[in-house]
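There are 2 protein chains.
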Amino acid sequence: MTKRKVDVAADAWRSVIDLMQSRKHRFLEVAQEWGLTPGHVQALISLEPENALAMGALASSWKCDASHVTFLVDRLEEKGYAKRQPAKHDRRVKTIVLTPAGLTARSAILDRLYEPPEALLELSVAELEALTEALTKVRLAADRG
Amino acid sequence: MTKRKVDVAADAWRSVIDLMQSRKHRFLEVAQEWGLTPGHVQALISLEPENALAMGALASSWKCDASHVTFLVDRLEEKGYAKRQPAKHDRRVKTIVLTPAGLTARSAILDRLYEPPEALLELSVAELEALTEALTKVRLAADRG
DNA sequence: TATTGTTATACTCTATAACTATA
DNA sequence: TATAGTTATAGAGTATAACAATA
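Chains A and B, in that order, give the protein sequences.
Counting in the numbering used here, the first sequence runs from 967 upward without gaps.
Counting in the numbering used here, the second sequence runs from 967 upward without gaps.
As structure tokens, then:
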């Protein structure tokens, strides 16, 4: 008896989840290294240098209340990682841009988060390439859907 | 010029992280469906039926303070999903066991969490099997390390 | 006296509601 | 009057410290 594709997919997905679960402390760890809360790390890394957003847009993107965006951005501003920039066309709107220090911190944090587990090196280069290709394909499909 | 293995591994890991990122809302969603906080869901699914632990052991496992374990277990007990069982050998120690309702809830929640994204079906069965095999290998290596 | 777990309390994170400034 | 963001405030979640019961 052969498995149906959905069951094979379920096995594969379960392996992804279980692997992530075993690494879930990493995020908290990185936040502590930088003296930030996990929420502030999440905020900092989602501030894209080439696509500065306004407070309101951040609230939607982060799926939280506008008042909480104020709270998060306040701390990032205190840390010198971001600053509010009133928009030219409408002075109510404030765009959040990363400072040079913020850019540096953000990319250092991303490096730490993307740091692969040692165990990944047990795979061959061919297996690693196949893995990347497969998961990228899935993510692109997910983004479309 | 060919890439070094560590760089290929970094690409692979990044693809895992990015994929998970795109699904991070799922956990919160499931928690809401069950009228639980994410913390309580995390607690419930980590209570293994075949390996009941005491409060103190849960505090280490969950990397939180003992007083917070009290808080979490209180809610699970109120919901009827778990109960405290004073240990025979030392009546200070309380072992937390899942009730029948807790067992049912736990496995239903796990089913929801393990539910694969539609997009995974874009991969062939062979690709899915390779994915599972590779990630399982990594996780086993990580557990050893 | 030392240890397991709880209670009292305070601090952090997050949301809701009232407010200010601009449009 | 409506909208962008902030301030005041209250509710969860989490920790620290003092405590009770048992060892």
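Even for Gly, the Cβ is constructed at its ideal location relative to N, Cα and C.
List the endpoints of the continuous beta strand (DSSP E) containing Leu1064/A.
Where Leu1064/A is concerned, the enclosing beta strand (DSSP E) stretches over 1060 to 1064.
Give the residues of chain A in contact with Gly1111/B, contact being defined as C-beta atoms less than 7 Å apart.
Within chain A, the residues near Gly1111/B are Glu1084, Ala1085.
With 8 Å set as the bound, which would you pick, yes or no: does the beta-carbon of Trp1028/B sit closer than that to a beta-carbon of chain A?
No, Trp1028/B does not count as interfacial toward chain A.
Return the residues of the segment 1071 to 1103 of chain A that lie within a Cβ-Cβ distance of less than 8 Å from chain B, sorted by chain order.
Taking 8 Å as the Cβ-Cβ cut-off against chain B, the residues of the segment 1071 to 1103 of chain A that qualify are Leu1079, Tyr1080, Glu1081, Pro1082, Pro1083, Glu1084, Ala1085, Leu1086, Leu1087, Glu1088, Leu1089, Val1091, Glu1093, Leu1094, Glu1095, Ala1096, Leu1097, Thr1098, Ala1100, Leu1101, Thr1102, Lys1103.
Please list the terminal residues of the continuous alpha helix (DSSP H) segment that includes Ala997/B.
991 to 999 is the extent of the alpha helix (DSSP H) around Ala997/B.
From Glu1084/B, Leu1042/B, Ala1032/B, pick the residue whose C-alpha is nearest to that of Ser988/B; which is it?
For Ser988/B, the nearest C-alpha among the options comes from Glu1084/B.
Is the CB of Ala1025/B under 8 Å away from at least one CB in chain A?
False, the Cβ-Cβ gap to chain A never drops below 8 Å.
Hey, how far is the Cα of Met990/B from the Cα of His1055/B?
For the record, residue 990/B in the displayed sequence is Lys; it is not Met. Spanning the two alpha carbons is a distance of roughly 42 Å.
Does the beta carbon of Leu985/A come closer than 8 Å to any beta carbon on chain B?
Judged by the 8 Å Cβ criterion, Leu985/A is in contact with chain B.
When you compare the CB positions of Val996/B and Ile1075/B, do they come within less than 8 Å of one another, or not?
Closer than 8 Å, so yes.
Alpha carbon to alpha carbon, how far is Lys969/A from Leu1013/B?
So the alpha carbons of these two residues sit roughly 30 Å apart.
Note down, one range per segment and in chain order, each beta strand (DSSP E) of at least 3 residues found wholly within the segment 1015 to 1066 of chain A.
Runs found: 1048 to 1052, 1060 to 1064.
Would Trp979/B pass as an interface residue toward chain A - the criterion being a Cβ-Cβ separation below 8 Å?
For Trp979/B, the answer is yes, since a Cβ of chain A falls inside 8 Å of its Cβ.
Check whether the Cβ atoms of Thr1098/B and Ala978/A lie closer than 8 Å to each other.
Yes, the pair counts as a contact, with Cβ atoms nearer than the cut-off.
In the DSSP assignment, find the alpha helix (DSSP H) that holds Thr1102/B and state where it starts and stops.
Start and end: 1091 to 1110.
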